[in-house]
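Following: one structure in structure tokens, then a few remarks.
Protein chains: 2
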Amino acid sequence: MKLPNKVTIKEVGPRDGLQNESQQVGTDNKTAWINRLSESGLSYIEVTSFVHPKWIPQLADAKEVLSSIKRKPGVTYAALVPNRRGLERALEGNVDEVSVFMSASETHNKKNINKTIADTLPVLKEVVQDAKAAGKSVRGYLSTVIACPHEGLIEPERVKAIAGELREMGIEELSLGETIGVAVPSQVERLLETLLPDFSEKFLAMHFHDTRGTALANVWKSLEMGITTFDSALGGLGGCPYAKGAAGNVATEDLLYMLGAAGIETGVSMDKLIEAGSYMESVLGKPMNSRQMEVYRKVEVE
Amino acid sequence: MKLPNKVTIKEVGPRDGLQNESQQVGTDNKTAWINRLSESGLSYIEVTSFVHPKWIPQLADAKEVLSSIKRKPGVTYAALVPNRRGLERALEGNVDEVSVFMSASETHNKKNINKTIADTLPVLKEVVQDAKAAGKSVRGYLSTVIACPHEGLIEPERVKAIAGELREMGIEELSLGETIGVAVPSQVERLLETLLPDFSEKFLAMHFHDTRGTALANVWKSLEMGITTFDSALGGLGGCPYAKGAAGNVATEDLLYMLGAAGIETGVSMDKLIEAGSYMESVLGKPMNSRQMEVYRKVEVE
């Protein structure tokens with residue numbers, strides 16, 4: 436089976452991870468953490484979200500974080516934006532790239548964004564246009580691409596249709612979110628078999644949560660199908676506030692371990708990631724949820 | 436990709452799981468736990484080990500456990516035996532099937548069994564002959580088939596040579612143990628590509644530990660290559676006393692989740708497994724290490 440030689444890991448911990456942490460993390464701690472992530476060799480970090488603070492109080496300091504981090508050359512610092520107002524604030528913070536987001540499930544979209552899918556598309560279109568006019572690249576997130584906590588399994592054809600609309604708007608990359616972490620590789624295979632005839636492998640990224648422990652198996656299947664970009668969160672942070680019981684993102688260090696052992700290059704240093712993870716453990720005052728951090732803690736004790 | 440319709444899960448928690456638990460579990464608790472496992476639909480349970488109690492004090496009550504469990508028709512109750520003396524005791528306990536074991540790594544074999552590989556083979560041959568003379572079927576375990584904590588990566592050809600010796604002795608099935616839980620699917624693929632031209636898929640079982648989080652990905656790759664028997668331990672119990680830092684077996688309930696979601700039959704009930712897992716959590720006084728148990732505990736709280 437042919438695997439890619441090189442993979443890009445997109446770190447979403449500071450956004451997708453922290454937004455689901457009930458414990459408020461200070462701006463200084465976030466900044467110090469992101470600066471450590473920048474030193475690990477990651478080329479892409481989603482640092483925050485410009486969703487209204489009413490919805491995600493944890494990230495109310497979005498602009499401040501974006502302004503206070505140390506920008507390392509070669510690293511893209513991205514932020515999630517829900518609409519024009521969010522985009523304005525992100526641009527004021529001099530974001531490198533913005534992400535727009537919606538769901539493949541009508542119910543999940545309604546609960547998450549408070550709009551129908553049909554009403555969401557024009558809002559995103561405006562954001563994409565404005566962002567591009569401001570010289571920024573735009574990434575799209577499409578969530579619940581395999582299953583929705585309310586609607587159950589999602590038809591790949593529905594994902595394909597919305598993916599087409601998002602591409603039409605001019606996004607540079609589409610991240611397919613397995614938001615609730617229930618997928619198995621045969622479902623990922625079916626989704627990608629539906630999409631790949633119409634979308635380039637380079638246009639698609641996979642975003643797996645790990646509620647059921649299947650995320651790395653799903654990553655492997657995606658690799659075999661030619662996908663070379665994966666989202667993950669250091670320490671497996673994360674979840675979804677609108678998807679009950681959903682656990683965190685696949686842990687960046689677990690993803691890195693598997694890729695490294697398979698001989699796939701990422702440019703990311705495990706030692707530096709573990710260092711950044713240990714820092715966040717000390718901030719949160721609890722162990723992070725990844726196998727590599729577990730191994731590291733055990734070896735430290737022994 | 437063609438997957439099998441049906442898979443056999445062999446539960447090794449009472450042996451491979453418990454042998455690495457530092458906290459002594461009472462015979463009554465073991466028996467009650469195994470009886471719960473019997474009710475889950477599992478068709479095979481490795482209930483204990485007849486290794487000398489000096490080495491594994493946790494399983495010193497091997498014969499007692501074997502004698503006190505309630506035997507459910509259709510379930511095979513197996514035990515590990517290291518030598519003739521162990522076999523005698525297992526037969527006194529009326530075991531259904533015995534397992535013999537050795538390592539593909541010379542160093543690991545030496546540390547685990549205190550013999551060279553060459554000196555181990557005749558000992559196992561005696562056990563296999565005697566067991567078969569007593570009308571019992573015999574399973575073989577070959578450990579460190581991908582990597583050894585002392586020697587590093589193990590060549591598939593070495594595994595193949597020893598597997599051939601074990602088959603020659605007359606074992607009915609060979610369980611290939613990824614003892615330290617570091618493998619990734621490309622390594623599993625290479626191992627199976629080496630073995631499958633000479634060994635039937637039905638003769639081989641895969642036994643994954645999950646130290647690095649890759650066990651389910653490795654199971655998936657094995658499924659794709661035609662393997663239909665997998666070892667696992669409820670709650671991800673286990674490890675290896677002679678392999679530093681090695682974590683538990685892949686959790687039975689996580690394996691079951693993945694197989695179920697992929698439409699593969701096992702005959703095992705998730706509810707009953709979770710019930711058995713909850714029971715063991717109460718005995719051990721700590722949470723068990725599986726995603727399904729985590730989800731279950733979360734939902735209970737919510």
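Protein chains in written order, with the numbering used here: chain A, 436 to 737; chain B, 436 to 737. Quick reminder that beta carbons are idealized off the backbone N, C-alpha and C, glycines included. The model shown is predicted, which means the values in this text are computed figures rather than measured ones.
- Judged by DSSP secondary structure, residue 466 of chain A falls within the alpha helix (DSSP H) whose first and last residues are 462 to 473.
- Here residue 569 of chain B is exposed, its C-beta having fewer than 16 other C-beta atoms within 10 Å.
- Residue-level contact check: residue 696 of chain A touches chain B, since one or more beta carbons of chain B fall below 8 Å from its beta carbon.
- Taking 4 residues as the shortest admissible run, the segment 632 to 681 of chain A contains the following complete alpha helix (DSSP H) segments, listed from N- to C-terminal end: 650 to 659.
- Within the segment 633 to 657 of chain A, the residues whose Cβ lies closer than 8 Å to any Cβ of chain B are, in chain order, 645, 646, 647, 648, 649, 651, 652, 654, 655 and 656.
- In this structure the segment 637 to 648 of chain B does not touch the segment 635 to 644 of chain A; the number of beta carbon pairs closer than 8 Å is below three.
- DSSP places residue 480 of chain A outside any alpha helix (DSSP H); the residue lies instead in the beta strand (DSSP E), whose first and last residues are 479 to 484.
- C-alpha of residue 605 of chain B to C-alpha of residue 598 of chain B: approximately 11 Å in a straight line.
- Its Cα nearest to that of residue 468 of chain A, the residue A:713 stands out among A:733, A:721, A:613 and A:713.
- Taking a Cβ-Cβ threshold of 8 Å, the residues of chain A close to residue 730 of chain B are 646, 647, 680 and 682, in chain order.
- Chain A has no Cβ within less than 8 Å of the Cβ of residue 611 of chain B.
- Membership of residue 723 of chain A in any alpha helix (DSSP H) is not indicated, and neither H nor E is assigned to it by DSSP.
- Here the alpha carbons of residue 683 of chain A and residue 478 of chain B stand approximately 34 Å from one another.
- Judged by their CB atoms, residue 691 of chain B and residue 705 of chain B are nearer to each other than the 8 Å cut-off.
- Within the segment 705 to 732 of chain A, the residues whose Cβ lies closer than 8 Å to any Cβ of chain B are, in chain order, 725, 726, 727, 729 and 730.
- Here the alpha carbons of residue 548 of chain A and residue 612 of chain A stand approximately 15 Å from one another.
- For a cut-off of 8 Å, the C-beta gap from residue 715 of chain B to residue 670 of chain B is around 6 Å, short enough to register as a contact.
- C-alpha of residue 594 of chain A to C-alpha of residue 588 of chain A: approximately 11 Å in a straight line.
- Residues 438, 439, 440, 441, 442 and 658 of the same chain have their beta carbon placed closer than 8 Å to that of residue 699 of chain A, with the five preceding and five following residues left out of the count.
- Between residue 535 of chain A and residue 562 of chain A, the C-beta spacing is below 8 Å.
- Between residue 620 of chain A and chain B, the shortest Cβ-Cβ separation is below 8 Å.
- Remark: C-beta atoms of residue 645 of chain B and residue 703 of chain B do not approach each other more closely than 8 Å.
- Out of B:471, B:458 and B:730, the CA that lies nearest to the CA of residue 506 of chain B is found in B:471.
- Secondary structure in the segment 488 to 544 of chain B: the alpha helix (DSSP H) runs of 4 residues or longer, each lying completely within the stretch, are 497 to 503 and 519 to 527 in chain order.
- Excluding the 5 residues flanking it on each side, residue 522 of chain A has same chain C-beta neighbours closer than 7 Å at 516, 533, 562, 565 and 566, in chain order.
- For residue 445 of chain B, the enclosing beta strand (DSSP E) begins and ends at 443 to 446.
- For residue 577 of chain B, the enclosing beta strand (DSSP E) starts and ends at 572 to 578.
- Boundaries of the alpha helix (DSSP H) around residue 621 of chain B: 620 to 630.
- Relative to the Cα of residue 575 of chain B, the nearest Cα in the group B:603, B:585 and B:581 belongs to B:603.
- At a beta-carbon threshold of 8 Å, the residues of chain B lying near residue 617 of chain A are 696, ordered along the chain.
- Annotation: residue 600 of chain B to residue 573 of chain B spans about 14 Å, alpha carbon to alpha carbon.
- Residue 608 of chain B sits buried, since 16 or more C-beta atoms from the chains shown fall within 10 Å of its C-beta.
- The residue from A:529, A:647 and A:643 with its alpha-carbon nearest to that of residue 664 of chain A is A:643.
- Interface annotation, residue 689 of chain A: in contact with chain B, CB-CB separation under 8 Å.
- Counting the other CB atoms within 10 Å of its CB gives residue 614 of chain B a total of 16 or more, which places it among the buried residues.
- Beta-bridge analysis with DSSP links residue 700 of chain A to A:441.
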